[in-house]
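S.K.:
4 protein chains.
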Amino acid sequence: MIQAGRGRPSGRTSVGETRREEVVKVAYRLIAERGFEGFRTRQVADEAGINVATLHYYFPTKEALVQGVVDYVLASLSSTSPTDEEAPTAAEALRFEFDDFNRRLRESPEQFTVMTEISSRASRDPAIAAILARMGVAWHAHLSGILARGVKEGVFRANIDVDQTARAIMMQIRGLGYQFKPGDDTLSPLVNLLADQILTWLAA
Amino acid sequence: MIQAGRGRPSGRTSVGETRREEVVKVAYRLIAERGFEGFRTRQVADEAGINVATLHYYFPTKEALVQGVVDYVLASLSSTSPTDEEAPTAAEALRFEFDDFNRRLRESPEQFTVMTEISSRASRDPAIAAILARMGVAWHAHLSGILARGVKEGVFRANIDVDQTARAIMMQIRGLGYQFKPGDDTLSPLVNLLADQILTWLAA
Amino acid sequence: MIQAGRGRPSGRTSVGETRREEVVKVAYRLIAERGFEGFRTRQVADEAGINVATLHYYFPTKEALVQGVVDYVLASLSSTSPTDEEAPTAAEALRFEFDDFNRRLRESPEQFTVMTEISSRASRDPAIAAILARMGVAWHAHLSGILARGVKEGVFRANIDVDQTARAIMMQIRGLGYQFKPGDDTLSPLVNLLADQILTWLAA
Amino acid sequence: MIQAGRGRPSGRTSVGETRREEVVKVAYRLIAERGFEGFRTRQVADEAGINVATLHYYFPTKEALVQGVVDYVLASLSSTSPTDEEAPTAAEALRFEFDDFNRRLRESPEQFTVMTEISSRASRDPAIAAILARMGVAWHAHLSGILARGVKEGVFRANIDVDQTARAIMMQIRGLGYQFKPGDDTLSPLVNLLADQILTWLAA
DNA sequence: GATGAATGAGCATTCATTCAT
DNA sequence: AATGAATGAATGCTCATTCAT
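Chains as they are written, first to last, in my numbering: chain A, 15 to 218; chain B, 15 to 218; chain C, 15 to 218; chain D, 15 to 218.
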């Protein structure tokens, strides 16, 4: 099979693409470890086993590398819960949100550290703010859907403000996420307590 | 009277003490505006109207200046309204916690921005982590007291885990605080909603 | 037929030779636009539609590329109008030098910009200095010839120092060239004035 | 005598001012030696015996340092010829321009090298272009004055275009300057020849 | 107490050049 | 003949900190 032109080889990702991903992963790890404040391109290059100039070959600026990490995190954050929509009841669908949080907490806790860094950066970086805002809108729609369904099904109180409640739930989940610290295993039970609290309140 | 501090001039508020405070206030404002990432000693000195070398006379290292800011913030954070303890019922005492949050939100919103920065720094700075931990313990005792009193008074369910619930409430309040952004006025209603939610759950 | 050059492919203009010329033309244009200070091999490659590595295949070093441009400019500079020698009188032959200057100014003004850059580089690059010196000698001989002819014909004063006068005329013409700036159309009348001045002085 | 406030000591120039000048002089020399193309802040610092950071203490950017050099050169260029205006005749005043050129050529030939660099930079740096333009206007006024005086006194032809002639003389003098090269001692006689040429033409 | 001057270590970025394919 | 990937060696600039006065 002959490859013409300057396109990347089709089959597996090209060397460059692989290298890009490696670099992003190293950057992701270092941001998780040291935050943006101590995040240095030189260290990324060193730990990726490449030259600083090579790093800049893949990511022309530090900003671009950060964007790469943001994209990477958000991609793995969006790849959620295919079973979510299929939950039999709205209450179960809602509880699934919290279970998902706990699953992430178990499987890739650094995600939370990095997300905290990213969202704190959003106040100073409009590009990141925009991405987070877009994600927020999607999540809000998702939760609103669950709540509305619950009200229609009669499992949630009829007099809740769907919009505002969705916003509150997001805030509470995000708030917990921001408080995760590496090695912390006390968060998971609190998430369950939070789920109880919210479901109780919705059913009241 | 012996001063165990960091070698500051002793006795009553000298000129130096005043100058120190001024510098801390400028630093506090700049951290609120630019976060730790963009926090520069030079700018603190400039805006305080002194020389960088003079700044280093009062605070030998940047670290020490940050500590000064942390002390300053936590001092104003601990000065909670004295009426708290005097609340007639435990439920009111608890609701007071949320009212207090809203009051702070109204009166000195930068406090939240700075606290967010400080607590994100705690993961990398043991000194700050220790201070926050100490504060956390105090707050937890305070909330546990209210909850225990509520249970005793019969206004809260008897089957709650006081310790864990106090922890959960702290987490939720802190979580909201971390999500404050300058100019954001949508947080206050959510705090009220959160208060309702928790009180409902406690009473259930 | 042996090629004494810099290792280029021999024989008639091959594909490589064409590509080489294209590259030189792009380089020429970029030097005219940005001067040597902002002259980048990467940009040459980009605008020539080839890879940097390919550029280095044709020109092993930046130096070599600059040499290519120098050769290109001097070649087009040496291709003076053949009518020069056939001028009926020495005075007309001399005036023709200035007319030629004006013609270049009209037809390819970038030539002046590039020549200015090249000659300023000569002070630091012996190879370029040598080429310019060679060209200078040829031009001096040419002008001396015209002057000597004018003296013999009696149209120029007999007491001029032919050698020195030729040098002076060269200096004056070159001096004007160095002061050309893109878009400047005030130079041409000054060249005419200069021609008058010199011819008046020679005839005096 | 007591010095209050933050002003510099009045008597001799302060340490900082002296250091600034030293730095400018080193920069001036290096530009003369290597041109702008090879002009490096690090080398300036090294040869001035200071740290790069110290260099940036005095000149926040490379641009600012270059401006410093430009100011320095133009200051020494403006400090001309107090006897100029007092020349008995316009012809002598004009000839004085050329003598002045020769004097500079003898006393500080690097001036020409640096000026050539500066004026070549003018095409890309509006700030420098503006300064040169201002200088050009002043010089043009000066030369026009001499020419007008010469016409009034009857030593120059009445039918010259004063404005255009002044411009031509400037061009010719500048043109010679641009062609100076370190160690070149053949320029001076040519300047005299040029002076003869122009005066002859003006008197014709 | 206060400052102007100075510095070491480091930072993101650039650029001509090289090499394996 | 051509290229994607890689690199060494700079380059201008920054920043917390120090020191002599």
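Idealized CB from N, CA, C, for every residue including glycine.
1) Taking just the CA atoms, how far does Asp177/A sit from Val128/A?
2) For Glu111/D, does the count of other Cβ atoms within 10 angstroms reach 16, so buried, or fall short, so exposed?
3) Give a yes or no on contact between the segment 81-93 of chain A and the segment 125-140 of chain A, applying the rule of three or more CB pairs nearer than 8 Å.
4) Give me the residue from Ala78/C, Asn173/C, Gly49/C and Val38/C with the minimum Cα distance to Asp60/C.
5) With a cut-off of 8 Å on the beta carbons, I'd call Trp215/C and Gln211/D a contact; round off their distance for me.
6) For Thr103/C, does the three-state DSSP call read helix, strand or coil?
7) Using the beta-carbon of each residue, which ones in chain C are nearer than 7 Å to Thr130/D?
8) In chain A, which residues lie less than 8 Å from Ile212/B when you measure between Cβ atoms?
9) Against chain B, which members of the segment 185-215 of chain A pass a CB distance test of less than 9 Å?
10) Could you give the DSSP three-state label for Asp199/B: helix, strand or coil?
11) Using a Cβ-Cβ cut-off of less than 8 Å, give me the residues of the segment 31-63 of chain D that come near chain C, in sequence order.
12) Could you list which residues in chain A have their beta carbon closer than 7 Å to that of Ala182/B, in chain order?
13) Would Arg109/D count as contacting chain C if we go by Cβ distances under 8 Å?
14) Exposed or buried, what is Val29/D when buried is set at 16 or more other beta-carbons lying within 10 Å of its beta-carbon?
15) Distance check for Thr179/C and Ser202/D, CA to CA, integer angstroms please.
16) Can you check which of these residues, Arg56/B, Lys195/B, Phe73/B and Met149/B, is closest to Ala89/B by C-alpha distance?
17) Is the separation between the beta-carbon of Glu131/B and that of Phe50/B shorter than 8 Å?
18) Considering only the alpha carbon of each residue, which of Lys195/B, Val169/B and Tyr71/B lies closest to Ala7/A?
19) Is it buried or exposed, Arg171/A, if we count other Cβ atoms within 10 angstroms and call 16 or more buried?
20) Would you grab the beta carbon distance between Leu213/A and Gly189/B for me? Rounded to a whole angstrom, and I think it's under 8 Å.
21) Can you list, in chain order, the residues of its chain with a C-beta nearer than 8 Å to that of Arg163/D? Leave out the 5 residues immediately preceding and following it.
22) Just to make sure I have the definition right: I need the residues of chain D whose C-beta is within less than 8 Å of the C-beta of Gln178/C. Which are they?
23) Hey, how far is the Cα of Thr75/D from the Cα of Val40/A?
24) If you measure from the beta carbon of Arg138/B to each beta carbon in chain A, is any gap under 8 Å?
25) For Thr75/A, report the span of its alpha helix (DSSP H) as first-last.
26) Identify whether Leu213/C lies in helix, strand or coil by the three-state DSSP scheme.
27) My output table needs one value for Ala218/D: the three-state DSSP class, helix, strand or coil.
28) Measuring only the C-alpha atoms, how far is Glu47/B from Gln57/B?
29) In chain D, which residues lie less than 8 Å from Ala141/C when you measure between Cβ atoms?
30) In angstroms with no decimal places, state the Cα-to-Cα distance between Tyr11/A and Ile64/B.
31) With 7 Å as the C-beta to C-beta threshold (strictly closer), list the residues of the segment 66-85 of chain A near chain B in chain order.
32) Could you name the residues of the same chain whose beta carbon sits closer than 8 Å to that of Leu119/C, not counting the 5 residues immediately before and after it, in chain order?
33) Check each candidate in Val66/D, His70/D, Gly159/D and Ile174/D and name the one with the smallest Cα separation from Ala218/D.
34) Along the chain, where does the alpha helix (DSSP H) containing Phe126/D start, and where does it finish?
35) State the DSSP-derived secondary structure class of Ile64/C, mapped to helix, strand or coil.
M.R.: Let me lay it out:
1) One-based indexing of the first sequence puts residue 128/A at position 114. One-based indexing of the first sequence puts residue 177/A at position 163. Cα-Cα distance, rounded: 28 Å.
2) Stepping through the fourth sequence from its first residue, residue 111/D is reached at position 97. When all chains shown are included, Glu111/D counts as buried.
3) yes
4) In the third sequence, residue 60/C corresponds to position 46, counting from 1. Residue Val38/C is the option with its Cα nearest to Asp60/C.
5) Counting from 1 along the third sequence, the entry for residue 215/C is found at position 201. Counting from 1 along the fourth sequence, the entry for residue 211/D is found at position 197. That pair is a contact at about 5 Å.
6) Position 89 of the third sequence, counted from the first residue, corresponds to residue 103/C. Correct three-state label for Thr103/C: coil.
7) By 1-based counting over the fourth sequence, the position of residue 130/D is 116. Per Cβ cutoff of 7 Å: Ser134.
8) Translated into positions along the second sequence, residue 212/B becomes position 198. What Ile212/B touches in chain A: Gln211.
9) Met185, Gln186, Ile187, Arg188, Gly189, Leu190, Gly191, Tyr192, Gln193, Lys195, Pro196, Thr200, Leu201, Pro203, Leu204, Leu207, Leu208, Asp210, Gln211, Ile212, Thr214 and Trp215
10) Your numbering for residue 199/B matches position 185 in the second sequence. Residue state for Asp199/B is assigned as coil, using DSSP reduced to three classes.
11) Along the segment 31-63 of chain D, the positions whose C-beta sits under 8 Å from a C-beta of chain C are Arg48, Gly49, Phe50, Glu51 and Gly52, read in chain order.
12) Within the second sequence, numbered from 1, the residue matching residue 182/B stands at position 168. The contacting residues are Leu204, Leu207 and Leu208.
13) On the fourth sequence, residue 109/D is found 95 positions in, with the first residue counted as 1. With 8 Å as the cut-off, Arg109/D does not count as an interface residue toward chain C.
14) Residue mapping note: residue 29/D aligns to position 15 of the fourth sequence, counting from 1. Burial check for Val29/D: the Cβ neighbour count within 10 Å stays below 16, so the residue is exposed.
15) Walking along the fourth sequence from the start, residue 202/D turns up at place 188. Walking along the third sequence from the start, residue 179/C turns up at place 165. The alpha-carbon of Ser202/D is positioned some 13 Å away from that of Thr179/C.
16) Residue 89/B sits at position 75 when you count from the first residue of the second sequence. Looking at the Cα atoms, Met149/B is the closest of the given residues.
17) The residue labelled residue 131/B in the question sits at position 117 within the second sequence. The residue labelled residue 50/B in the question sits at position 36 within the second sequence. Yes, the pair counts as a contact, with Cβ atoms nearer than the cut-off.
18) Lying outside 15 to 218, the shown extent of chain A, residue 7/A is not represented and no answer is given.
19) Start at 1 with the first residue of the first sequence, and residue 171/A comes out as number 157. Its Cβ having fewer than 16 others within 10 Å, Arg171/A is exposed.
20) Indexing the first sequence from 1 puts residue 213/A at position 199. Indexing the second sequence from 1 puts residue 189/B at position 175. Not a contact, Cβ separation roughly 18 Å.
21) As a working note, residue 163/D is residue 149 in the fourth sequence. Cβ within range, chain order: Ala104 and Ala107.
22) Along the third sequence, one-based indexing puts residue 178/C at 164. Going along chain D in sequence order, the residues near Gln178/C (Cβ under 8 Å) are Pro203, Leu204 and Leu207.
23) Within the fourth sequence, numbered from 1, the residue matching residue 75/D stands at position 61. Within the first sequence, numbered from 1, the residue matching residue 40/A stands at position 26. Approximately 34 Å, taken between the alpha carbons.
24) For the purposes of this step, residue 138/B is taken as residue 124 along the second sequence, with counting starting at 1. For Arg138/B, the answer is yes, since a Cβ of chain A falls inside 8 Å of its Cβ.
25) Within the first sequence, residue 75/A is the residue found at index 61, counting from 1. Here Thr75/A belongs to no alpha helix (DSSP H), and DSSP marks it neither H nor E.
26) Here residue 213/C refers to the residue found at position 199 of the third sequence. Three-state DSSP puts Leu213/C in a helix.
27) Position 204 of the fourth sequence holds residue 218/D. Correct three-state label for Ala218/D: coil.
28) As a first step, residue 47/B must be located in the second sequence, where it is residue number 33. As a first step, residue 57/B must be located in the second sequence, where it is residue number 43. Rounded to whole angstroms, Glu47/B to Gln57/B spans 12 Å at the Cα level.
29) Locating residue 141/C in the third sequence gives position 127, counting from the first residue. Result: empty, since nearest Cβ-Cβ is about 16 Å, beyond 8 Å.
30) Outside the displayed span of chain A (15 to 218) sits residue 11/A, for which this structure offers no information.
31) none
32) In the third sequence, the residue the question calls residue 119/C occupies position 105. Taken in chain order, the residues that qualify are Phe126, Phe194, Leu201, Ser202 and Val205.
33) Indexing the fourth sequence from 1 puts residue 218/D at position 204. Closest option to Ala218/D, Cα to Cα, is Ile174/D.
34) The residue given as residue 126/D occupies position 112 in the fourth sequence. Run containing Phe126/D: Glu124 to Ala136, per the alpha helix (DSSP H) assignment.
35) Taking the first residue of the third sequence as position 1, residue 64/C is located at position 50. Coil, per DSSP.
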